[in-house]
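There are 2 protein chains.
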Amino acid sequence: MSEPMNEEQARRYTITQLCREFDVTPRTLRFYEQKDLLHPAREGMNRIFSHRDRARLSLILRGKKVGFSLDDIKEMLDLYNLKDGQVTQLQVARSKGLAQLEHLKDQRVALDEAITDLERAIEIVEGMLTERGIDTEAEFAQAESA
Amino acid sequence: MSEPMNEEQARRYTITQLCREFDVTPRTLRFYEQKDLLHPAREGMNRIFSHRDRARLSLILRGKKVGFSLDDIKEMLDLYNLKDGQVTQLQVARSKGLAQLEHLKDQRVALDEAITDLERAIEIVEGMLTERGIDTEAEFAQAESA
DNA sequence: ACTTCCGTTGACGTTAACGTAAAGGTCACT
DNA sequence: AGTGACCTTTACGTTAACGTCAACGGAAGT
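Here it is as structure tokens:
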């Protein structure tokens with residue numbers, strides 16, 4: 020039992036390793052540390068990211084993808100650590116998630132509106148152009164595969 | 020012919036009038052002027068917005084609604100003034116519109132992805148909560164009209 | 001005269017999530 | 001030594017579209 024640690028669990032990552040894996044820049048990871056979202060250890064001067072850091076980073080990036088702010092993400096991650104039976108964390112995550120979901124759906128409505136508005140505007144413009152004897156053919160290869 | 024101007028055409032607007040009509044702040048109109056998007060005349064110290072200014076403002080706000088930047092809008096508006104038969108303006112507007120449309124559609128794809136991701140995440144969280152004996156009933160009046 | 005309303009011109013502040021130097025340390029080659 | 005790769009900290013810069021003072025002017029009402 021002199022080497023008890025699970026190799027997966029004890030895995031260490033340098034900053035560039037994580038950067039490559041998640042396609043972010045070192046600046047980003049340092050920024051997240053500064054924002055208290057990550058807490059890498061040090062070995063000499065250098066940061067050593069643990070398996071947990073890696074998992075947290077994954078969560079951070081997923082959170083960003085669905086539009087959470089870093090502050091929101093931090094709040095949820097912090098609660099995760101407190102482990103008061105984890106119920107509080109889950110409830111907060113749920114309520115934040117629902118709020119964000121509503122937000123996203125509102126955005127989608129606005130976006131759809133914008134799209135149809137823009138489509139109509141383009142049609143009008145194209146109408147004005149053809150009226151002036153100018154053709155408006157889209158010459159993209161739209162799906163001319165086979 | 021001493022009062023030849025069409026009353027509609029010659030209509031003048033003070034800054035707060037336009038602000039009320041379009042629900043923007045004075046700061047916004049001054050900002051647009053500074054950005055060369057509007058060109059109100061002066062009467063003493065005060066700005067006098069013409070019918071044309073009003074029309075331009077309307078176009079600016081519509082442009083914003085579909086996600087154009089003020090710089091883009093300025094470019095299109097400027098071309099409108101040059102009137103080289105208006106063909107150039109229309110072509111530029113069309114191409115910008117198509118580009119923006121593509122952009123919006125990309126956004127919509129990303130947004131839909133985010134929404135489904137978030138929905139699944141919430142389901143997972145809710146599953147974990149009910150597993151712990153906590154109910155997650157949404158107590159909104161969802162559509163309880165009749 | 002005093003206040004209130006409407007208007008003016010600067011000019012710095014805000015927000016988020018990093019980007020981008022600047023200046024340097026360590027280690028391995030060569 | 002020198003070169004290069006990788007790492008560090010500190011700290012100012014970026015972007016968009018205004019917000020928010022500060023300090024002031026002119027007209028109207030009381």
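If you read the sequences in order, they're chains A and B. The first sequence maps to residues 20 to 165 in my numbering. The second sequence maps to residues 20 to 165 in my numbering. Quick reminder that beta carbons are idealized off the backbone N, C-alpha and C, glycines included. None of these values were measured; they are calculated from a predicted model.
Using 8 Å as the limit for Cβ to Cβ distance, is residue i near chain A?
i, result
"Met95 of chain B", "no"
"Thr155 of chain B", "yes"
"Val106 of chain B", "yes"
"Met64 of chain B", "no"
"Ile92 of chain B", "no"
"Val85 of chain B", "yes"
"Leu89 of chain B", "no"
"Ala74 of chain B", "no"
"Val144 of chain B", "yes"
Does the beta carbon of residue i sit closer than 8 Å to a beta carbon anywhere in chain B?
i, result
"Asp136 of chain A", "yes"
"Lys54 of chain A", "no"
"Ala140 of chain A", "yes"
"Gln119 of chain A", "yes"
"Val43 of chain A", "no"
"Leu130 of chain A", "yes"
"Leu80 of chain A", "no"
"Leu148 of chain A", "yes"
Please name the residue in the options whose C-alpha comes closest to that of residue i.
i, options, result
"Ser77 of chain A", "A:Val43, A:Asp125, A:Leu117", "A:Val43"
"Thr135 of chain A", "B:Glu94, B:Ala140, B:Lys84, B:Asp90", "B:Lys84"
"Glu138 of chain A", "B:Arg75, B:Pro45, B:Ser69, B:Arg81", "B:Arg81"
"Arg30 of chain B", "B:Arg73, B:Met64, B:Arg46", "B:Arg73"
"Thr47 of chain B", "B:His70, B:Glu62, B:Val106, B:Ile79", "B:Ile79"
"Arg151 of chain B", "A:Glu142, A:Pro59, A:Thr107", "A:Thr107"
"Met64 of chain B", "B:Thr155, B:Ile34, B:Arg75, B:Glu40", "B:Ile34"
"Pro45 of chain B", "B:Arg66, B:Asp154, B:Ala118", "B:Arg66"
So residue i and residue j are supposed to be a Cβ contact under 8 Å. How far apart are they, rounded?
i, j, result
"Leu109 of chain B", "Val144 of chain A", "5 Å"
"Leu123 of chain B", "Arg113 of chain A", "Not confirmed; about 31 Å, so no contact."
"Ala140 of chain A", "Gly116 of chain B", "6 Å"
"Phe68 of chain B", "Leu89 of chain B", "Between Leu89 of chain B and Phe68 of chain B the Cβ distance is about 18 Å, and since that is not below 8 Å, they are no contact."
"Leu130 of chain B", "Gln126 of chain A", "6 Å"
- request: Evaluate contact between the segment 92 to 101 of chain B and the segment 49 to 56 of chain B, counting only Cβ atoms and requiring at least three cross-stretch pairs below 8 Å.
  value: yes
Inside the segment 57 to 141 of chain A only - beta strand (DSSP E) runs reaching at least 3 residues: Whole beta strand (DSSP E) segments, 3+ residues: 60 to 62, 65 to 67.
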